[in-house]
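Notes follow once the structure below has been shown.
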Amino acid sequence: MKLTLSDPQLLSCSTPLLAANASRVYDACCSETYGGLLLSTQFWNTYTGLESQGQKLPANQWTLHGLWPDYCNGSYTQYCDLNRQYDPSPSPNTTNGLRNGTVVPPWTGPDIGTFLEALGKLDLLTWMNKYWINQEDPNTDFWSHEFSKHGTCFSTFDVPCYGPSYVNHSEVVDFFETSILYYKRLPTYGWLSAANIRPSNSTNYSLSDMQTALRKGYGAIPYLGCSEPRYNTTTAGLGSTDTGYTVLSEVWYSFNVYGRPQEGIWVPRNASGSLSNCVKAPNAVRYLERTPSSVQ
202 MKLTLSDPQL LSCSTPLLAA NASRVYDACC SETYGGLLLS TQFWNTYTGL ESQGQKLPAN
262 QWTLHGLWPD YCNGSYTQYC DLNRQYDPSP SPNTTNGLRN GTVVPPWTGP DIGTFLEALG
322 KLDLLTWMNK YWINQEDPNT DFWSHEFSKH GTCFSTFDVP CYGPSYVNHS EVVDFFETSI
382 LYYKRLPTYG WLSAANIRPS NSTNYSLSDM QTALRKGYGA IPYLGCSEPR YNTTTAGLGS
442 TDTGYTVLSE VWYSFNVYGR PQEGIWVPRN ASGSLSNCVK APNAVRYLER TPSSVQ
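For the sequence shown, the working numbering begins at 202 and goes up steadily by one.
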């Protein structure tokens with residue numbers, strides 16, 4: 202049996218696909234097999250650090266972080282093809298994140314934006330500079346990192362899948378466009394705003410209310426990530442056993458796909474494992490306003 206897009210029952214991480222994968226009777230270009238649990242991830246940052254260079258954040262919009270291919274059990278791999286390693290600062294700097302892993306050499310060639318320019322993808326480049334924003338470093342470094350660390354770990358973006366008509370770096374463009382396809386379906390700011398949860402430097406929110414708002418919009422519970430400080434180190438939480446973080450910073454939406462991720466046929470699913478590292482105490486999560494000078 203060879204899996205193709207004409208097999209509508211072949212959902213990533215489903216029993217038929219896992220069985221075919223185990224038997225090595227599949228077309229890995231037509232169904233995602235390396236990592237069938239996909240995550241579309243977003244950031245909420247309040248500044249970029251490069252405002253003086255024109256690198257700013259979009260108004261009333263979370264920014265795109267990436268598209269990740271986790272294994273069906275929630276584990277993952279990274280930097281899967283060092284021949285397509287374009288990250289100038291690999292993190293981690295080995296393929297398994299350990300000292301005994303294969304070293305990921307820093308990319309010293311032209312930035313990945315030049316790949317898009319060479320393929321005439323100027324509109325795509327403009328969009329990415331508006332919504333796919335890095336912090337403290339150029340946007341192109343971030344895009345290079347996301348493709349090299351995660352994009353190379355999709356079976357459906359492998360160069361052999363493009364056949365004899367392959368154009369150099371066209372899979373990079375496809376990865377970016379596919380990442381954007383899912384991002385555009387996930388209006389985190391709007392879903393939270395509809396529940397009267399909006400950025401504020403004076404009002405705090407409850408994690409449970411945020412989860413309810415996003416589940417209503419998405420149809421499943423995403424992972425919500427927060428950053429320091431921990432609640433039990435704050436004045437409000439002093440002495441508490443709740444060690445969750447207090448500043449909302451990211452969201453990860455999990456889903457499976459039918460066929461190739463490029464087709465956009467998805468099935469949302471709840472986050473696997475922990476649903477959040479944020480504080481669980483009521484009205485303790487801070488969803489901070491962006492610095493006015495950091496907004497486009």
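Built from N, CA and C at the ideal position, the CB exists for glycine as well.
**Study point:** Beta-carbon spacing of alanine 260, valine 496 below 8 Å
**Key:** yes
Check your understanding: asparagine 484 to alanine 414, Cα distance in whole Å?
Key -> 15 Å
Exercise for review: Confirm, please, whether the CB-CB distance from glycine 250 to serine 473 is below 8 Å.
Suggested key: no
Exercise for review: Within its chain, find whatever has a CB closer than 6 Å to the CB of threonine 242; leave out the 5 residues flanking it on each side and keep chain order.
Suggested key: His266, Gly267 and Trp453
Check your understanding: Which parts of the segment 367–446 are runs of the alpha helix (DSSP H), unbroken and 4 residues or longer, counting only runs that do not cross its ends?
Key -> 371–384, 389–395 and 408–419
Check your understanding: When you compare only the Cα positions, how much space is there between methionine 202 and tyrosine 432?
Key -> Reliability fails at methionine 202, whose pLDDT of 29 lies under 50, so the model's placement of it is uncertain and no value is given.
Review point. So what's histidine 351 in DSSP terms, helix, strand or just coil?
Key: coil
Practice item. Using alpha carbons as the reference points, say which of Lys331, Val468 and Leu320 lies closest to glutamine 262. Key: Lys331
Point to revise | Assumed close pair tyrosine 367, valine 360 - CB separation to whole angstroms, cut-off 8 Å | key: 6 Å
Review point. Do you know how far the Cα of arginine 461 is from the Cα of serine 207?
Key: Note that serine 207 has pLDDT 42, beneath the 50 cutoff, so the model's placement of it is unreliable and the number below is only indicative. So the two alpha carbons sit approximately 11 Å from each other.
Point to revise | Span separating the alpha-carbon of cysteine 281 from that of glutamate 318 | key: 25 Å
Point to revise | N-terminal and C-terminal residue of the beta strand (DSSP E) that aspartate 185 is part of | key: With the chain running from 202 to 497 in the structure shown, residue 185 is simply not present.
Review point. For the segment 345–358 against the segment 400–413, are there 3 or more C-beta pairs whose distance is under 8 Å?
Key: no
Review point. Within this structure, are the beta carbons of valine 458 and leucine 239 separated by less than 8 Å?
Key: yes
Practice item. For my contact list, alanine 396 and arginine 470 are in at a C-beta cut-off of 8 Å; report their separation, rounded to the angstrom. Key: Contact flag wrong, Cβ pair sits at about 22 Å.
Practice item. To the nearest angstrom, report how far apart valine 448 and isoleucine 313 are at their CA atoms. Key: 32 Å
Review point. Whose CA, out of Val305, Asn301 and Arg300, lies closest to the CA of arginine 292?
Key: Reading off the sequence, residue 292 comes out as serine, not arginine. That would be Val305, whose Cα lies nearest to the Cα of serine 292.
Review point. To which residues of the same chain is leucine 283 closer than 6 Å at the C-beta, ignoring the five residues directly before and after it?
Key: none
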